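Heads up: the structure comes next, in structure tokens.
2 protein chains.
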Amino acid sequence: MSKILPSVDEYIPHLAYDSVIFGFNGEQLKILILEYHNTGLFALPGGFVRQNENLDDAVKRGLKERTGLDNIYLEQFHTFGDLSRPDPDVMRTILEANDHEVEEGNWLLDRFISVAYYALINYNSVEPKPDELSDSINWYAVDKLPPLMMDHGKIVEKALETLRNNLEKKLVGMNLLPSKFTMKELQLVYEAVLGEKLRRTTFQRKILGLDILKRHEKLFTGAAHKAPYLYSFKNKAPIEHQEHA
Amino acid sequence: MSKILPSVDEYIPHLAYDSVIFGFNGEQLKILILEYHNTGLFALPGGFVRQNENLDDAVKRGLKERTGLDNIYLEQFHTFGDLSRPDPDVMRTILEANDHEVEEGNWLLDRFISVAYYALINYNSVEPKPDELSDSINWYAVDKLPPLMMDHGKIVEKALETLRNNLEKKLVGMNLLPSKFTMKELQLVYEAVLGEKLRRTTFQRKILGLDILKRHEKLFTGAAHKAPYLYSFKNKAPIEHQEHA
DNA sequence: TATTATTGTCTCATTTTGTTACAATAATAC
DNA sequence: GTATTATTGTAACAAAATGAGACAATAATA
Chain B
8 MSKILPSVDE YIPHLAYDSV IFGFNGEQLK ILILEYHNTG LFALPGGFVR QNENLDDAVK
68 RGLKERTGLD NIYLEQFHTF GDLSRPDPDV MRTILEANDH EVEEGNWLLD RFISVAYYAL
128 INYNSVEPKP DELSDSINWY AVDKLPPLMM DHGKIVEKAL ETLRNNLEKK LVGMNLLPSK
188 FTMKELQLVY EAVLGEKLRR TTFQRKILGL DILKRHEKLF TGAAHKAPYL YSFKNKAPIE
248 HQEHA
Chain Y
8 MSKILPSVDE YIPHLAYDSV IFGFNGEQLK ILILEYHNTG LFALPGGFVR QNENLDDAVK
68 RGLKERTGLD NIYLEQFHTF GDLSRPDPDV MRTILEANDH EVEEGNWLLD RFISVAYYAL
128 INYNSVEPKP DELSDSINWY AVDKLPPLMM DHGKIVEKAL ETLRNNLEKK LVGMNLLPSK
188 FTMKELQLVY EAVLGEKLRR TTFQRKILGL DILKRHEKLF TGAAHKAPYL YSFKNKAPIE
248 HQEHA
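Chains B and Y supply the protein sequences, listed in that same order. Last residue of the first sequence: 252 (my numbering), numbering continuous. Last residue of the second sequence: 252 (my numbering), numbering continuous.
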């Protein structure tokens, strides 16, 4: 065995998490997808929960390892627990492609229940790092994802659905944009999440009416037109988790 | 040992579910709470997941055992995975009060991650049955719950919050009322869930505007006033789970 | 037959949202 | 400089949704 696999003693068996990490590149909504060595398999970044750590903390630990970011907006959205979801053959393929010998009965081949989270991060503040088993980790536009292994496609769907539902009440834009941004950029985030065009004047009036933005200096891009204002959220720093008080 | 405990071989270790079962008695929103023998401990009905059954099916099985109902509206809303949530002392108390000898290391004393669901049922169609470990199972108004053990109070809070958020889009009323009901009853459901009074005329206009109700004969209660119409949801039978196609 | 409580509906005021219009710019072309 | 171009910020009006009150139509009962 060439590399060290996670051991069953350290982790809770049958329990995993998967994360849908959203970023916005100025035009499109994107997701971080990793590809396993020599398998052509694409998957969501995920991991396991240590015996002595909170579920939420396990996910934060995984995100930190992959993105280097510490204070990430994170929201749990669903737990996937169907018998049909895990696929031991897929798992075996991944392990064997990494030169792990896999004995029958290895805990990684068992049934897994997965708790799914989505994260919102600032696209530009991150240089994603692959983990030991995976080749690469890259951004993919949500409408141009490669075929994902197991039920990861469904997980992404549900994440998008939840994100859409939370768009208004959770100030999603705050976490996908840099601290200063134009109204146009904010609108593009909304459009990318909702998957539909919005009317400029109505959007602007509505957002300004919420009284959550602070206006700053103008942004001179060098383009031949009126320079837009920059805004930031009044509500200070991007918030990691708007939790029940 | 006087009774048979669930065995670790049959179930997935460290994984449980809890259910918040809502009912509406015509006035108040209520929840089914069970009380364990000789302990004074109140808890949500919950259970474990068999090695070879879907997570959702485990919950349905538990609900069926407790309510006798088969086709229950069920929605998963959160997974609770903090280290601090399980309390081995509480679990031991419950088991010992039922004359179970509890050896150190029994799986039931381990850490548990719990997937929480809420269910909506027709209050009158049910005669709740206690399980083997519990004394009684009873309806409690959501604003008059006894103190619940462990983190079950938080679970109820989150369930209510989710129910409120889903009220509009999931046709909650459909599952909490009998098949025919008056406009007033429907309004009472909305008020109970939202925790606030609604304006009668506005409510009526809005609901009728949704074009989801079918009007039937009048209901003569014997009261000294105009008899209200009975309505039913056009959308036929109460739906078990409005799932992603 | 008058009284009472409640229901169904209408009307008008208020608020919110949709839509169009237009002035104010920051470049660039001349 | 001055006209041109693309975009932005905001105002103005129309349309739609919601809030609030009024009122006629009952099923009993007194």
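Glycine residues also receive a C-beta, built at the ideal position from the N, C-alpha and C atoms. Just so you know, these numbers come straight off a predicted model, no measurement behind them.
Quiz item: Which two residues bound the contiguous alpha helix (DSSP H) that contains Arg118 of chain Y?
Solution: Taking the first residue of the second sequence as 1, we reach residue 118 of chain Y at position 111. Segment: none, Arg118 of chain Y is in no alpha helix (DSSP H) and carries neither H nor E.
Self-check item: C-beta atoms of Ser141 of chain Y and Glu72 of chain Y nearer than 8 Å
Solution: On the second sequence, position 134 is the one that residue 141 of chain Y refers to. On the second sequence, position 65 is the one that residue 72 of chain Y refers to. No; because the gap between Cβ atoms is not below 8 Å, this pair is not in contact.
Quiz item: Considering only residues of the same chain and omitting the five flanking positions on each side of Phe210 of chain B, which have a CB-CB separation below 6 Å?
Solution: Translated into positions along the first sequence, residue 210 of chain B becomes position 203. Cβ neighbours of Phe210 of chain B beyond the five flanking positions: Gln194.
Quiz item: Mind pulling the beta strand (DSSP E) runs of 3 or more residues that sit fully within the region 28 to 113 of chain B?
Solution: 36 to 43, 53 to 57 and 80 to 87
Quiz item: What residues from chain B crowd round Asp138 of chain Y, counting only those whose CB sits closer than 9 Å?
Solution: The residue you call residue 138 of chain Y lines up with position 131 of the second sequence. Neighbours of Asp138 of chain Y on chain B: none; closest Cβ ~22 Å, over 9 Å.
Quiz item: So, do the region 172 to 183 of chain B and the region 57 to 75 of chain B have three or more beta carbon pairs nearer to each other than 8 Å?
Solution: no
Quiz prompt | Length of the line joining the Cα atoms of Glu34 of chain Y and Leu127 of chain Y | solution = Here residue 34 of chain Y corresponds to residue number 27 of the second sequence, with the count starting at 1. Here residue 127 of chain Y corresponds to residue number 120 of the second sequence, with the count starting at 1. Answer to the nearest angstrom: the Cα atoms are 15 Å apart.
Quiz prompt | Proximity winner among B:Asn182, B:Tyr18, B:Ile40 and B:Pro20, relative to Asn145 of chain B (alpha-carbon distances) | solution = Residue mapping note: residue 145 of chain B aligns to position 138 of the first sequence, counting from 1. Comparing Cα positions, the closest option is B:Ile40.
Quiz prompt | Cβ pair Leu51 of chain Y, Lys67 of chain Y closer than 8 Å | solution = Numbered from its first residue, the second sequence carries residue 51 of chain Y at position 44. Numbered from its first residue, the second sequence carries residue 67 of chain Y at position 60. No, the Cβ-Cβ distance between Leu51 of chain Y and Lys67 of chain Y is not below 8 Å.
Quiz item: Would you call the region 106 to 119 of chain B and the region 15 to 30 of chain B in contact, with 3 or more CB pairs under 8 Å?
Solution: yes
Quiz item: Which one or two residues does DSSP pair with Arg222 of chain B in a beta bridge?
Solution: Working through the first sequence from its first residue, we reach residue 222 of chain B at position 215. Answer is B:Tyr238.
Quiz item: For the alpha helix (DSSP H) that contains Asn173 of chain B, what are its first and last residues?
Solution: Here residue 173 of chain B corresponds to residue number 166 of the first sequence, with the count starting at 1. Unbroken alpha helix (DSSP H) run through Asn173 of chain B: His159 to Asn173.
Quiz item: Which bits of chain Y does Pro93 of chain B rub up against, with CB to CB less than 8 Å?
Solution: Stepping through the first sequence from its first residue, residue 93 of chain B is reached at position 86. Within chain Y, no residue comes near Pro93 of chain B; the closest Cβ sits about 12 Å away, beyond 8 Å.
Quiz item: Is Thr86 of chain B close to chain Y, meaning its C-beta is less than 8 Å from at least one C-beta of that chain?
Solution: Here residue 86 of chain B is taken as the residue at index 79 of the first sequence, counted from 1. Cβ-Cβ to chain Y under 8 Å: yes for Thr86 of chain B.
Quiz item: Count the other CB atoms within 10 Å of the CB of Thr86 of chain Y; is the residue buried (16 or more) or exposed (fewer)?
Solution: Taking the second sequence and counting its residues from 1, the one referred to as residue 86 of chain Y is at position 79. Thr86 of chain Y comes out buried.
Self-check item: Limits of the alpha helix (DSSP H) - the one that Tyr197 of chain Y falls within
Solution: Counting from one through the second sequence, the residue named residue 197 of chain Y turns up at place 190. First-last of the alpha helix (DSSP H) with Tyr197 of chain Y: Met190 to Leu201.
Quiz item: With C-beta atoms as the reference, is Ala166 of chain Y less than 8 Å away from Phe84 of chain Y?
Solution: By 1-based counting over the second sequence, the position of residue 166 of chain Y is 159. By 1-based counting over the second sequence, the position of residue 84 of chain Y is 77. Result yes, Cβ atoms of Ala166 of chain Y and Phe84 of chain Y sit closer than 8 Å.
Quiz item: Who are the near neighbours of Leu183 of chain Y in its chain, counting only those whose CB is closer than 6 Å to its CB and skipping five residues on each side?
Solution: As a working mapping, residue 183 of chain Y is identified with position 176 in the second sequence. Taken in chain order, the residues that qualify are Phe31, Leu127 and Val196.
Quiz item: Mind listing which residues of the region 106 to 132 of chain Y have their C-beta closer than 8 Å to chain B's C-betas, in chain order?
Solution: Arg118, Ile120 and Val122
Quiz item: Does the beta carbon of Ser239 of chain B come closer than 8 Å to any beta carbon on chain Y?
Solution: Translated into positions along the first sequence, residue 239 of chain B becomes position 232. No, its Cβ sits nowhere closer than 8 Å to a Cβ of chain Y.
Exercise. Can you pull the chain B residues whose beta carbon is under 8 Å from the beta carbon of His21 of chain Y, in chain order?
Key: Residue 21 of chain Y sits at position 14 when you count from the first residue of the second sequence. Ile19, Pro20, His21 and Leu22, listed in chain order.
Quiz item: beta strand (DSSP E) containing Ile144 of chain B: first to last residue?
Solution: By one-based count along the first sequence, residue 144 of chain B stands at place 137. Run containing Ile144 of chain B: Ser141 to Ala148, per the beta strand (DSSP E) assignment.
Self-check item: Segment limits, alpha helix (DSSP H) that includes Val179 of chain B
Solution: Residue 179 of chain B sits at position 172 when you count from the first residue of the first sequence. Taken as a continuous stretch (DSSP letters only), the alpha helix (DSSP H) holding Val179 of chain B covers Val179 to Leu183.
Practice problem: Consider the C-beta atom of Ala234 of chain B and the heavy atoms of the ligand GTP; say whether any pair is separated by less than 7 Å. | Solution: The ligand GTP is not among the ligands present in this structure, which contains no ligands whatsoever.
Practice problem: Evaluate Pro93 of chain B with the Cβ neighbour count: other Cβ atoms within 10 Å of its Cβ, from every protein chain shown; 16 or more gives buried, anything less gives exposed. | Solution: As a working note, residue 93 of chain B is residue 86 in the first sequence. So Pro93 of chain B counts as buried.
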